[in-house]
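Asker:
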Amino acid sequence: MNAPLFRFGLFGDEFSLVVAFLIGIGFGFFLERAGFGSARKLTDQFYLKDMAVFRVMFTAIVTAMLGLFYLGWLGWVDLSLVYVSPTFLWPQVAGGLLLGVGFVVGGYCPGTSLVALATGKLDALAFVAGIFAGIFAIGEAWPAISGFAESSALGRLTLPEVLHLPAGLVVLLVVLMAVGGFWGAAALERRFAGRGAGEGS
Amino acid sequence: MSAGRPARWTRNQKLAAGAVALGLGALLIGDPGDGGRVTLDARELAALVEGEVDHVTPDELADWIVAGRQDFRLVDLRAEADYAAYHVPGAERIPITGLEDAELARNEKIVLYSQEGIHSAQAWFLLKARRYPAVYILLGGLAQWQEQVLYPVRPEAGAGAEERAAFERAAARAASFGGAARAAAAGLAPAVPALVPPPITAPGVAPTAPPPAGSPVKKKKKEGC
Amino acid sequence: MSSLSQPARRGPAPYTNPYLAGIGLGLVLLASFVVMGRGLGASGAFSSACAVAVDALAPAHAQANPFWKEYLESGVGHPLKEWLVFEVLGVLAGGFLSGLLAGRVRRTVEKGPRISTGGRFAFAFVGGALMGIGAKLGRGCTSGQALTGGALLSAGGWAFMLMVFAGGYGAAWFLRRQWQ
């Protein structure tokens with residue numbers, strides 16, 4: 023099978039926009055299903071009361087990771103043609119920190135704010151306005167800070183390469199970490215939420 | 003975590019077990035990439051050869067270049083010195099041993115050529131074995147390129163109008179590649195002495211400059227998130 | 196205005212089990228890899244829109260700034276005909292659809308019991324701004340870097356994801372009045 027399909031010319035740029043819309047529907051749908059249109063549910067993660075964010079995120083990561091690994095192994099997907107965003111280590115560390123703080127201050131992340139907006143949350147509107155303001159600010163400042171913002175460019179870099187471990191081992195470690203994390207998350211929930219963790223493992 | 007030891011696993015436990023099992027499978031697989039070994043479908047490859055879909059003629063290649071097509075990669079398999087002396091406009095040099103490491107993209111057309119076509123045929127086989135879907139040999143190699151494209155033969159005096167018209171086109175094309183038409187020598191076949199390829203500075207290919215060898219992705223695509 | 200903290204007993208459906216929702220999300224992500232050879236994202240669409248706005252107000256300035264210029268030059272003929280922009284439109288549609296099916300579409304303000312609506316809006320705006328800045332430095336947000344980068348075992352993605360959790364937990368105590 024020649025996949026990724028787009029990379030092998032199955033369809034062109036125009037149709038890829040249709041694909042984008044359809045994939046977006048799936049994305050938004052499952053985010054809302056999980057309850058991520060609610061800032062309170064999202065932030066309860068950081069008060070250890072509701073570990074849904076951790077659960078959903080890592081389940082999704084493990085699912086896609088395993089799927090891609092096996093499809094690549096079967097030769098059904100050419101892994102070298104799947105785009106991996108280049109690593110800019112220190113800007114990403116700083117960005118992640120800011121994002122984490124922004125998550126608790128604002129109550130959403132960009133993706134979930136859209137879902138919240140679509141389900142009527144007015145505070146999401148303020149959040150989205152804030153995103154634009156932030157992007158405008160950093161866009162204007164970019165030439166001035168590009169020294170830092172474009173530093174530590176390590177290119178396409180994966181954990182197996184960094185750790186000098188076979189990809190399969192890293193995959194297993196991620197799975198074990200996720201499963202262990204889910205078990206621990208349930209324990210944390212019981213302690214801090216004081217309710218039976220019906221969603222725990 | 004379920005207290006005690008229930009006889010049946012909960013759904014979550016089954017999911018977790020399934021994920022761990024797949025993870026262990028991944029550990030055993032190690033590297034999802036191929037690692038150099040190949041599996042072949044001999045019948046499929048034989049069918050491609052017989053179906054003559056494995057090559058392009060110098061005529062076709064020349065037309066592609068003149069038309070400014072950018073959707074293929076042209077690979078010269080010869081030695082560095084030969085490449086430096088002359089190469090088809092737009093070709094990049096990759097020795098046969100370097101093909102694996104060159105990491106050519108699988109979603110591109112790859113046209114291979116060598117002097118006579120033998121090395122390119124062998125390289126074709128290697129790339130097809132690595133599941134490259136669109137690989138082509140330049141039929142007859144550089145030798146045929148010289149004869150057909152660079153130095154087309156003037157038709158006999160009694161040739162028909164169509165043949166003469168085709169020749170005129172070929173001669174004009176040859177000129178754009180830095181070659182020239184040549185007369186057939188008297189006798190059985192046109193003499194083929196050591197045809198000297200034109201100097202490398204010559205190829206001014208109409209209408210645009212030769213496609214730059216190198217990056218397969220010609221237009222910059224923003225793929226951020 | 197109302198503060199909606201828990202779903203009402205009759206009306207909105209309970210949320211889907213997070214593991215199942217996660218599998219669904221993971222399959223969507225996998226589909227994106229297989230069909231497009233790329234993952235998901237969100238912040239990039241905001242950037243494209245912002246670039247178009249800046250260009251509309253001050254074209255010369257926008258062209259001179261490499262950050263805006265890059266967004267203005269991408270897309271299929273127009274910067275807003277960008278993959279992420281269409282994906283984001285889909286997210287809005289999909290989120291609405293799911294909310295509709297579950298009876299969770301309602302004009303409301305999400306906030307904790309100890310803060311006012313005005314306060315909530317202010318925090319939401321500031322939080323969004325921090326997110327906008329963080330997402331550009333991080334080359335993505337939770338969708339693009341943490342989720343997609345995480346699945347692809349990208350070093351930068353994992354570093355980013357770790358820091359998001361660190362930042363969130365670090366800031367949580369200071370902001371408990373907004374939520375708890």
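Heads up: the protein sequence lines correspond to chains A, B and C, in order.
Counting in this note's numbering, the first sequence runs without a single skipped number right up to 223 at its last residue.
Counting in this note's numbering, the second sequence runs without a single skipped number right up to 227 at its last residue.
Counting in this note's numbering, the third sequence runs without a single skipped number right up to 375 at its last residue.
We treat Cβ as the ideally placed atom computed from N, Cα and C, and that holds for glycine.
1) Starting from the beta carbon of Glu-46 of chain B, find every residue of chain A whose beta carbon is closer than 9 Å, and list them in chain order.
2) For chain A, find out if any of its Cβ atoms is closer than 7 Å to the Cβ of Asp-61 of chain B; answer yes or no.
3) Mind pulling the chain A residues with CB within less than 9 Å of Val-22 of chain B?
4) DSSP state of Arg-55 of chain A, grouped into three classes?
5) The segment 62–78 of chain B: which residues have C-beta closer than 8 Å to a C-beta of chain C, in chain order?
6) Residues of the segment 130–150 of chain B with a CB closer than 7 Å to any CB of chain A: list them in chain order, please.
7) With distances taken from CA atoms, which of B:Leu-24, B:Lys-16 and B:Ala-182 is nearest Gln-150 of chain B?
8) Excluding five sequence neighbours on each side, which residues of the same chain lie with their C-beta closer than 7 Å to the C-beta of Ala-176 of chain B?
9) Leaving out the 5 sequence neighbours to the left and right, which residues in its chain are closer than 7 Å to Asp-250 of chain C when beta-carbon positions are compared?
10) In this structure, how does DSSP classify Ile-9 of chain A when only helix, strand and coil are distinguished?
11) In three-state DSSP terms, what is Thr-109 of chain A?
12) Where in the segment 43–81 of chain B do unbroken runs of the beta strand (DSSP E), each at least 3 residues long, occur, reported from the N-terminal end onward?
13) Is it buried or exposed for Met-199 of chain A, if we count other Cβ within 10 angstroms and need 16 for buried?
14) Three-state secondary structure (DSSP) at Tyr-115 of chain B?
15) Distance cutoff 7 Å, beta carbons only. Does Ala-140 of chain A sit that close to anything in chain C?
16) Does any C-beta atom of chain C lie closer than 7 Å to the C-beta of Gly-158 of chain A?
17) Arg-302 of chain C touches chain B at which residues, Cβ-Cβ below 9 Å?
18) Can you check whether the C-beta of Gly-32 of chain B is within less than 7 Å of a C-beta belonging to chain C?
19) Under 9 Å between beta-carbons, which chain B residues line up against Arg-334 of chain C? List them in chain order, please.
20) Identify the contact partners of Thr-343 of chain C in chain B, using a Cβ-Cβ distance below 9 Å as the criterion.
21) Starting from Ile-139 of chain B and walking both ways along the alpha helix (DSSP H), at which residues does that stretch end?
22) For Ala-248 of chain C and Leu-128 of chain B, what's the separation of their Cα atoms in angstroms?
23) Taking the alpha-carbon of Glu-211 of chain A as reference, which of A:Leu-90, A:Lys-143, A:Arg-77 and A:Ala-171 has the nearest alpha-carbon?
24) Give me the DSSP bridge partner(s) of Glu-94 of chain B.
25) Could one say the Cβ of Trp-164 of chain A lies closer than 7 Å to chain C's Cβ atoms, at least one of them?
26) Strictly below 7 Å CB to CB, what residues from chain A border Lys-306 of chain C?
27) Report the neighbours of Leu-128 of chain B on chain C: residues whose CB is nearer than 9 Å to its CB, in chain order.
28) Return the CA-CA distance between Arg-233 of chain C and Leu-136 of chain A, expressed in angstroms with no decimal places.
29) What span of residues does the alpha helix (DSSP H) with Ala-350 of chain C cover, start to end?
30) Give a yes or no on whether the minimum CB-CB distance between Pro-113 of chain A and chain B is below 7 Å.
31) Just mark Asp-103 of chain B as buried or exposed, buried being the case when its beta carbon has 16 or more other beta carbons within 10 Å.
32) Do you know how far the Cα of Arg-95 of chain B is from the Cα of Gly-177 of chain A?
33) So for Thr-337 of chain C, helix, strand or coil by DSSP?
34) Going residue by residue through the segment 63–113 of chain A, where are the continuous alpha helix (DSSP H) segments of at least 4 residues, counting only ones entirely within it?
35) How many whole angstroms separate the CB atoms of Ala-171 of chain A and Leu-332 of chain C, which I take to be in contact at a CB cut-off of 8 Å?
36) Would you identify the three-state DSSP class for Thr-180 of chain A, choosing helix, strand or coil?
Answerer: Let me spell this out:
1) What Glu-46 of chain B touches in chain A: nothing, since even the nearest Cβ is about 14 Å away.
2) No, Asp-61 of chain B does not count as interfacial toward chain A.
3) The answer, in chain order, is Leu-194, Val-197, Leu-198 and Val-201.
4) It is helical.
5) If the cut-off is 8 Å between Cβ atoms, the segment 62–78 of chain B has nothing near chain C.
6) Per Cβ criterion, the list reads Arg-133 and Pro-135.
7) Ranked by Cα distance from Gln-150 of chain B, the first of B:Leu-24, B:Lys-16 and B:Ala-182 is B:Ala-182.
8) Within the same chain, Ala-176 of chain B has close Cβ partners Val-151, Leu-152, Tyr-153, Pro-154, Ala-182 and Ala-183.
9) If we look at Asp-250 of chain C and ignore the five residues flanking it on each side, its Cβ neighbours are Ala-257, Trp-263 and Leu-267.
10) Past the edges of chain A, shown from 23 to 223, lies residue 9 of chain A, and the structure says nothing about it.
11) Strand at Thr-109 of chain A.
12) With a minimum length of 3 residues, the continuous beta strand (DSSP E) runs that stay inside the segment 43–81 of chain B are 74–78.
13) Answer is exposed; the Cβ neighbour count stays below 16.
14) Correct three-state label for Tyr-115 of chain B: strand.
15) With respect to chain C, the C-beta atom of Ala-140 of chain A has a partner C-beta closer than 7 Å.
16) Before going further, note that residue 158 of chain A is Phe rather than Gly in the sequence given. Using a CB distance cut-off of 7 Å, Phe-158 of chain A counts as an interface residue toward chain C.
17) Result: empty, since nearest Cβ-Cβ is about 30 Å, beyond 9 Å.
18) With 7 Å as the cut-off, Gly-32 of chain B does not count as an interface residue toward chain C.
19) Residues of chain B whose Cβ lies closer than 9 Å to the Cβ of Arg-334 of chain C are, in chain order, Gly-226 and Cys-227.
20) Correct list: Cys-227.
21) Residue range 137–140 is occupied by the beta strand (DSSP E) that includes Ile-139 of chain B, with no alpha helix (DSSP H) assigned at that position.
22) In a straight line, the C-alpha of Ala-248 of chain C is about 51 Å away from that of Leu-128 of chain B.
23) Distance from the Cα of Glu-211 of chain A is smallest, within the candidate group A:Leu-90, A:Lys-143, A:Arg-77 and A:Ala-171, for A:Arg-77.
24) Bridge partners of Glu-94 of chain B: B:Val-77.
25) Closer than 7 Å: yes.
26) The answer, in chain order, is Asp-145.
27) Neighbours of Leu-128 of chain B on chain C: none; closest Cβ ~25 Å, over 9 Å.
28) Arg-233 of chain C and Leu-136 of chain A: Cα-Cα distance of roughly 21 Å.
29) Looking at the DSSP string, the run of the alpha helix (DSSP H) that includes Ala-350 of chain C is 350–367.
30) Answer no: the Cβ-Cβ gap between Pro-113 of chain A and chain B never drops below 7 Å.
31) Asp-103 of chain B is exposed by the Cβ-count criterion.
32) Taking the straight line joining both Cα atoms gives about 25 Å.
33) Three-state DSSP puts Thr-337 of chain C in a helix.
34) List check, alpha helix (DSSP H) in window: 74–96.
35) Approximately 6 Å separates the beta-carbon atoms of Ala-171 of chain A and Leu-332 of chain C; this is inside 8 Å, confirming the contact.
36) Reduced to three states, the DSSP call for Thr-180 of chain A is strand.
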